[in-house]
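Engineer: If you're matching them up, the sequences are chains V and C in order.
Everything in the first sequence is counted per the numbering used here, starting at 1 for the first residue and increasing by one.
Everything in the second sequence is counted per the numbering used here, starting at 1 for the first residue and increasing by one.
There are 2 protein chains.
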Amino acid sequence: MVQNPSESPPQSEPFAADLLRGHTDTIVLGVLRGAESYGFEIYKTIRDATGGLYEIKEATLYATYRRLVKDGLVEASWGDETQGGRRKYYRITDAGRAVYAKNVQSWTATQRIINTLLNVKGGTP
Amino acid sequence: MVQNPSESPPQSEPFAADLLRGHTDTIVLGVLRGAESYGFEIYKTIRDATGGLYEIKEATLYATYRRLVKDGLVEASWGDETQGGRRKYYRITDAGRAVYAKNVQSWTATQRIINTLLNVKGGTP
DNA sequence: GGCTAGTAGTTGATCAGATACAGTAATAGT
DNA sequence: ACTATTACTGTATCTGATCAACTACTAGCC
């Protein structure tokens with residue numbers, strides 16, 4: 001979702017939230033593929049990775065975490081912050097890595113298909 | 001959705017229906033951008049454009065047509081088939097062309113963003 | 001005639017992902 | 001004390017996609 005950067009004129013068309021639907025799991029797995037992380041940090045990583053242009057809502061992400069844990073694609077455990085707030089850390093599992101690899105391929109195929117259907121010369125140059 | 005081409009082993013991971021979610025409108029507009037068409041023909045065009053690999057379900061498309069008409073992006077009218085079954089023809093409007101152009105840009109941006117988040121070298125080469 | 005398949009369009013119920021919204025709770029800065 | 005930020009959670013709702021039917025006409029086959 002496009003953030004309205006405070007002062008900028010609101011003529012920039014927001015891209016619909018649904019455009020990334022179905023990719024959230026893969027994106028989170030992609031973040032965790034590098035290193036383990038906790039919920040809020042993953043959120044910030046995603047937000048910052050696009051220069052603040054795009055944001056997946058916290059509620060969406062926490063729902064995603066739950067789903068990924070349920071499916072055995074990531075493992076969760078509470079950190080031992082003796083001081084400071086609790087953090088739940090997530091690690092990608094082998095199953096998660098496998099699904100990630102598969103999903104990246106699906107994503108590539110999806111791009112090809114949509115670009116074909118739209119007659120768009122696709123992708124990042 | 002991946003069609004299981006009859007005899008092929010079912011190891012091919014289907015890409016989730018949701019992966020193209022939000023793009024159906026744009027895809028239909030893209031088809032109509034070239035020439036007017038009727039419901040079932042649009043369905044076949046999309047199905048065939050990907051070599052049968054991908055299919056948007058008829059029910060999904062008819063819901064899409066209704067939405068596009070409601071939003072004024074296409075116009076509908078019954079053909080005058082004196083013999084044979086009825087066909088409802090769809091034409092893209094100027095508003096539809098504008099939305100199409102905008103959506104293609106959104107799609108391009110979306111690709112960039114996801115490719116960034118997944119660290120994928122993106123798109124069709 | 002009866003059967004099947006293909007074309008063409010439509011409806012109602014349901015699912016799942018994303019979001020809005022609200023809330024809890026702790027810490028750090030002023 | 002107040003406020004912002006960090007961090008996580010739960011409930012309700014929206015929407016697009018799909019399923020599973022259904023109507024209706026045409027053409028080919030036995």
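Positions of the beta carbon are idealized from the N, C-alpha and C atoms, including for glycine.
1. Since L20 of chain C and G96 of chain C are thought to touch, with beta carbons under 8 Å apart, how far apart are those beta carbons, to the nearest angstrom?
2. Short of 7 Å Cβ to Cβ, which residues in the region 37-49 of chain V face chain C?
3. One question on the structure: do L61 of chain C and V99 of chain C come within less than 8 Å of each other, judged by their Cβ atoms?
4. Got a sec? Which residues, its chain only, sit under 8 Å from I27 of chain V by beta carbon, not counting five neighbours each side?
5. Do you know offhand how far S6 of chain V's Cα is from N115 of chain V's?
6. Return the first residue and the last residue of the beta strand (DSSP E) that E75 of chain V is part of.
7. Could you tell me whether the Cβ atoms of I92 of chain V and T50 of chain C are closer together than 8 Å?
8. Using DSSP with H/G/I as helix, E/B as strand and the rest coil, what is E36 of chain C?
9. Ends of the beta strand (DSSP E) at K102 of chain V?
10. Hey, is L118 of chain C's beta-carbon within less than 8 Å of any beta-carbon in chain V?
11. Between the C-alpha atoms of V104 of chain V and E41 of chain V, what's the straight-line distance to the nearest angstrom?
12. Do D25 of chain V and R67 of chain V have their beta-carbon atoms positioned less than 8 Å apart in this structure?
13. Who are Y90 of chain C's beta bridge partners in DSSP?
14. Can you tell me which of the three DSSP states L29 of chain V falls into?
15. Could you tell me how far apart the beta carbons of W78 of chain V and K70 of chain V are, in whole angstroms, since I believe they sit closer than 8 Å?
16. Go through its chain and collect everything with a Cβ distance to S106 of chain C's Cβ below 6 Å, but skip five positions before and after it.
17. Name the chain V residues that come within less than 8 Å of G30 of chain C, Cβ to Cβ?
18. Since T64 of chain V is in the alpha helix (DSSP H), which residue starts that stretch and which ends it?
19. In the structure shown, what three-state DSSP assignment does I46 of chain V receive?
Structural biologist: This is what the structure gives:
1. Here residue 20 of chain C is taken as the residue at index 20 of the second sequence, counted from 1. Here residue 96 of chain C is taken as the residue at index 96 of the second sequence, counted from 1. Going by Cβ atoms, the distance from L20 of chain C to G96 of chain C rounds to 19 Å, so no, they are not a contact pair.
2. I46 and A49
3. Against the second sequence, residue 61 of chain C aligns to sequence position 61. Against the second sequence, residue 99 of chain C aligns to sequence position 99. Against a cut-off of 8 Å, the Cβ pair of V99 of chain C and L61 of chain C comes out as no contact.
4. Along the first sequence, one-based indexing puts residue 27 of chain V at 27. Closer than 8 Å at the Cβ level, and outside the excluded window around I27 of chain V, lie L20, I46 and I56.
5. By 1-based counting over the first sequence, the position of residue 6 of chain V is 6. By 1-based counting over the first sequence, the position of residue 115 of chain V is 115. Because the pLDDT at S6 of chain V is just 32, under 50, the model does not fix this residue reliably, and the value given afterwards should be weighed accordingly. For S6 of chain V and N115 of chain V, the distance between alpha carbons rounds to 33 Å.
6. Counting from one through the first sequence, the residue named residue 75 of chain V turns up at place 75. Per DSSP, E75 of chain V belongs to the beta strand (DSSP E) from V74 to W78.
7. Locating residue 92 of chain V in the first sequence gives position 92, counting from the first residue. Locating residue 50 of chain C in the second sequence gives position 50, counting from the first residue. Taking 8 Å as the Cβ cut-off, I92 of chain V and T50 of chain C do not qualify as a contacting pair.
8. Position 36 of the second sequence, counted from the start, is the residue given in the question as residue 36 of chain C. Residue state, collapsed to three classes: coil.
9. Along the first sequence, read from residue 1 onward, the residue named residue 102 of chain V stands at position 102. Looking at the DSSP string, K102 of chain V is not in any beta strand (DSSP E); the run it does join, the alpha helix (DSSP H), is D94 to L118.
10. Counted from its first residue, the second sequence places residue 118 of chain C at position 118. Chain V contact via Cβ: present.
11. Numbered from its first residue, the first sequence carries residue 104 of chain V at position 104. Numbered from its first residue, the first sequence carries residue 41 of chain V at position 41. Roughly 22 Å separates the two Cα atoms.
12. Numbered from 1 along the first sequence, position 67 holds the residue referred to as residue 67 of chain V. Numbered from 1 along the first sequence, position 25 holds the residue referred to as residue 25 of chain V. Cβ atoms of R67 of chain V and D25 of chain V: closer than 8 Å.
13. In the second sequence, the residue the question calls residue 90 of chain C occupies position 90. In DSSP, Y90 of chain C forms a bridge with C:S37 and C:A76.
14. In the first sequence, residue 29 of chain V corresponds to position 29, counting from 1. Helix at L29 of chain V.
15. One-based indexing of the first sequence puts residue 78 of chain V at position 78. One-based indexing of the first sequence puts residue 70 of chain V at position 70. Actually they are not in contact, since the Cβ atoms of W78 of chain V and K70 of chain V sit about 17 Å apart, beyond 8 Å.
16. Sequence index remark: in the second sequence, residue 106 of chain C carries index 106 (1-based). Answer for S106 of chain C: no residue qualifies.
17. Numbered from 1 along the second sequence, position 30 holds the residue referred to as residue 30 of chain C. Within 8 Å Cβ-Cβ: L117, L118 and N119.
18. For the purposes of this step, residue 64 of chain V is identified with residue 64 of the first sequence, where counting begins at 1. First-last of the alpha helix (DSSP H) with T64 of chain V: E58 to K70.
19. Along the first sequence, one-based indexing puts residue 46 of chain V at 46. Here I46 of chain V sits in helix by DSSP.
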